[in-house]
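Below is one structure; the comments refer to it alone.
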Amino acid sequence: MLEVLTYPDPQLKQVSEPVTAFDAVLRDFVDRLEATRLAAPGCVGIAAPQVGKTIRLAIVDVSSKPKHKNHGRLVLINPEITQWEGFALGREGCHSVPDYTGNVIRAERIALRAFDLDGREQNFEMEGFEARAVQHELDHLDGLLFLDRLVSHRSDLFRRKNYGENAKK
Amino acid sequence: MDKWYMVTAVGKDQTGIVAAITGALFDGGCHLGEASMARLGDSFTVMMMVRHANGEKTLRSLLEAAVEKMHLHLHVDPVDGVLHHHVIPNLRISVFGADRPGIVAQVTRVLASDGLSICHLETDVAGTQERPIYVMHIEAKGRESAEALQSRLRQAVGAGLDVRVADLDLVIG
Ligand SMILES: [Zn+2]
Numbered sequence: 001m002l003e004v005l006t007y008p009d010p011q012l013k014q015v016s017e018p019v020t021a022f023d024a025v026l027r028d029f030v031d032r033l034e035a036t037r038l039a040a041p042g043c044v045g046i047a048a049p050q051v052g053k054t055i056r057l058a059i060v061d062v063s064s065k066p067k068h069k070n071h072g073r074l075v076l077i078n079p080e081i082t083q084w085e086g087f088a089l090g091r092e093g094c095h096s097v098p099d100y101t102g103n104v105i106r107a108e109r110i111a112l113r114a115f116d117l118d119g120r121e122q123n124f125e126m127e128g129f130e131a132r133a134v135q136h137e138l139d140h141l142d143g144l145l146f147l148d149r150l151v152s153h154r155s156d157l158f159r160r161k162n163y164g165e166n167a168k169k
Numbered sequence: 001m002d003k004w005y006m007v008t009a010v011g012k013d014q015t016g017i018v019a020a021i022t023g024a025l026f027d028g029g030c031h032l033g034e035a036s037m038a039r040l041g042d043s044f045t046v047m048m049m050v051r052h053a054n055g056e057k058t059l060r061s062l063l064e065a066a067v068e069k070m071h072l073h074l075h076v077d078p079v080d081g082v083l084h085h086h087v088i089p090n091l092r093i094s095v096f097g098a099d100r101p102g103i104v105a106q107v108t109r110v111l112a113s114d115g116l117s118i119c120h121l122e123t124d125v126a127g128t129q130e131r132p133i134y135v136m137h138i139e140a141k142g143r144e145s146a147e148a149l150q151s152r153l154r155q156a157v158g159a160g161l162d163v164r165v166a167d168l169d170l171v172i173g
């Protein structure tokens with residue numbers, strides 16, 4: 001189990017470095033990172049910098065919410081979003097920001113390229129809840145928290161959301 | 001020992017109300033917890049959790065000058081400190097359509113009968129004067145599924161109003 005850093009720890013604001021060695025040390029770190037994620041109630045993702053390791057690695061697993069389309073447990077190394085489409089308002093929380101949730105606008109659908117633990121390139125297309133979780137985690141790799149993207153409660157969000165739905169059609 | 005108070009100020013909207021109140025509290029050695037303000041029409045209201053070492057009387061006297069100058073109504077209640085207990089809503093309810101009396105009452109009666117608690121409610125009257133549109137937006141917490149609640153709400157308000165209920169799924173990551 002690793003200690004999860006909480007805001008305003010300055011390490012959470014750092015931009016993480018790409019992973020270069022796909023070795024046993026990395027595997028061991030991922031095991032401990034996953035154990036840390038599983039110990040946090042309701043946690044669907046965790047990024048390496050949240051435990052003070054500033055490398056471009058995150059785990060996302062939304063399969064505990066089976067009504068959402070998902071790819072199971074993903075270990076995303078040096079991930080990059082290659083396409084964005086649409087936008088949606090949703091609520092987010094973060095284990096690095098205890099006892100706070102807020103509304104954030106994210107892309108509705110994304111295409112994602114990442115490497116797995118064996119260093120193999122993988123490509124994903126995802127949407128909705130899973131896409132939101134991935135965007136939340138990738139922000140951590142760039143030193144951003146959902147606090148950086150908060151939007152207000154006010155009802156123009158409702159209109160914006162509907163505008164987004166119409167734009168899809 | 002410090003005590004928590006809920007301080008509510010209501011009045012006609014004008015620039016500088018929050019600054020006047022919070023400035024007086026800060027100068028008087030108070031500590032602010034959470035606060036929420038709303039502006040509706042040309043009225044203004046703010047609720048603030050205030051921590052303060054002395055009694056209610058002292059707290060009121062700190063605010064006297066600001067309250068008089070800005071013609072505010074002030075309300076001070078002792079409360080239990082309730083920081084760090086946020087309720088997370090899991091349902092988002094939108095109701096909109098041509099304005100008519102009774103929309104809020106009909107919708108919230110259904111919510112109350114199902115034991116849902118409202119975390120956040122906002123309504124707007126949009127459209128034109130001749131054809132007003134009513135838009136209501138609610139975030140609530142409850143156990144009923146979005147689908148079931150939506151059909152019960154649609155039944156309650158009848159045709160002519162659009163009702164949408166969606167899960168507010170929280171991403172924690
Ligand atoms: Zn996070």
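Going down the list, the sequences are from chains A and B.
At position 12 of the first sequence (counting the first as 1) the number is 12 in this note's numbering, and the numbers step up by one without a gap.
At position 19 of the second sequence (counting the first as 1) the number is 19 in this note's numbering, and the numbers step up by one without a gap.
Even for Gly, the Cβ is constructed at its ideal location relative to N, Cα and C.
Everything numeric in this text was worked out from a predicted model, so none of it was measured.
Beta-carbon of A:V15 versus every beta-carbon of chain B: anything under 8 Å? No, A:V15 does not count as interfacial toward chain B.
Per-residue contacts from A:V44 into chain B (C-beta, under 7 Å): Those are V171, I172, G173, listed as they occur along chain B.
Taking the C-alpha atoms as reference points, what is the distance between A:Y100 and B:A35? Spanning the two alpha carbons is a distance of roughly 14 Å.
Determine the contact status of A:A40 and A:A58, defining contact as a CB-CB distance below 8 Å. Cβ atoms of A:A40 and A:A58: not closer than 8 Å.
Sequence-distant residues of its chain with Cβ nearer than 8 Å to A:E17 (five each side left out): Cβ within range, chain order: T54, I55, R56.
Using the rule of at least 16 other Cβ atoms within 10 Å of the residue's Cβ for burial, across every protein chain shown, is A:F158 buried or exposed? Here the model assigns A:F158 a pLDDT of 46, short of 50, so the residue's position is not dependable, and the following value carries that caveat. The residue is buried, with at least 16 neighbouring Cβ atoms inside 10 Å.
May I ask you to list the residues that DSSP assigns as paired with B:A9? Partner(s): B:V46, B:L74.
Can we count A:S16 as close to ligand 1, meaning its CB is less than 7 Å from some heavy atom? Answer for A:S16: no, Cβ out of range of ligand 1.
Return the residue from the list B:V76, B:H31, B:K69, B:T123 that minimises the CA-CA distance to B:G16. B:K69
Which chain E residues sit within Cβ distance under 8 Å of A:H95? The question asks about chain E, but that chain is absent: this structure's protein chains are A and B.
Between which two residues does the beta strand (DSSP E) holding A:Q122 run? 121–127
Three-state secondary structure (DSSP) of A:V134: Helix at A:V134.
Applying a beta-carbon distance threshold of less than 9 Å, which residues of chain A neighbour B:I88? Contact annotation for B:I88 against chain A: R91, G93, T101 [CB-CB distance below 9 Å, chain order].
Cβ of A:Q135 within 7 Å of any heavy atom in ligand 3? The ligand content of the structure shown is limited to ligand 1, which means ligand 3 is not among them.
Can you give the Cα-Cα distance for B:V18 and A:W84, rounded to whole angstroms? 40 Å
Just to confirm, are A:A133 and B:V171 a CB contact at a threshold of 8 Å? Less than 8 Å separates the beta-carbon of A:A133 from that of B:V171.
Which residues bound the alpha helix (DSSP H) around A:D28? 24–39
Please tell me whether B:L40 has its Cβ less than 8 Å away from any Cβ of chain A. no
Taking CB distances under 8 Å as the criterion, tell me whether A:K168 reaches chain B. Unreliable placement is indicated for A:K168, whose pLDDT of 41 sits below 50; the coordinate value is still reported in the next sentence. Not one chain B Cβ lies under 8 Å of A:K168.
Which residues in the same chain have their Cβ closer than 8 Å to the Cβ of A:H68, if we skip the five residues on either side of it in sequence? V62, G128, F129, E130
Interface flag, B:H71 vs chain A, CB-CB below 8 Å: The beta-carbon of B:H71 is placed no less than 8 Å from the nearest beta-carbon of chain A.
Just the chain B side, please: which residues come within less than 8 Å of A:K65 by C-beta, in chain order? D169
CB contact check: A:G164 to chain B, cutoff 8 Å: Because A:G164 sits at a pLDDT of 42, beneath the cut-off of 50, its placement in the model cannot be relied upon, and the point is left open.
Nearest-angstrom Cβ-Cβ length linking B:G28 and B:L62, presumed shorter than 8 Å: 4 Å
Rounded to whole angstroms, what is the Cα-Cα separation between B:H52 and B:A159? 52 Å
Supposed contact pair A:N78 and A:V19 - C-beta distance, whole angstroms, cut 8 Å: At roughly 6 Å, the Cβ-Cβ gap stays under 8 Å, so A:V19 and A:N78 are in contact.
What does a CB cutoff of less than 7 Å around A:K168 pick up in its chain, not counting 5 residues either side in sequence? Here A:K168 scores only 41 on pLDDT, less than 50, and its place in the model should not be relied on; the value that follows carries that caveat. Hits under 7 Å: G86.
Ligand 1 heavy atom lying under 7 Å from the CB of A:G42: no
So what's A:S16 in DSSP terms, helix, strand or just coil? coil
Taking Cβ-Cβ distances shorter than 9 Å, what residues in chain A pair up with B:H84? P98, D99
For B:A156, tell me which candidate among B:P132, B:E139, B:G102, B:A38 has the shortest Cα-Cα distance. B:G102
When you compare each of A:L141, A:Q122, A:R73 to A:L38 by their alpha carbons, which one comes out closest? A:R73
Endpoints, alpha helix (DSSP H) assigned at A:G90: Per DSSP, A:G90 belongs to no alpha helix (DSSP H); it is in the beta strand (DSSP E), 74–94.
In chain B, what lies closer than 9 Å to A:F29 by C-beta? Ordered by position in chain B, no residue passes the 9 Å Cβ test against A:F29, which lies about 18 Å from the chain.
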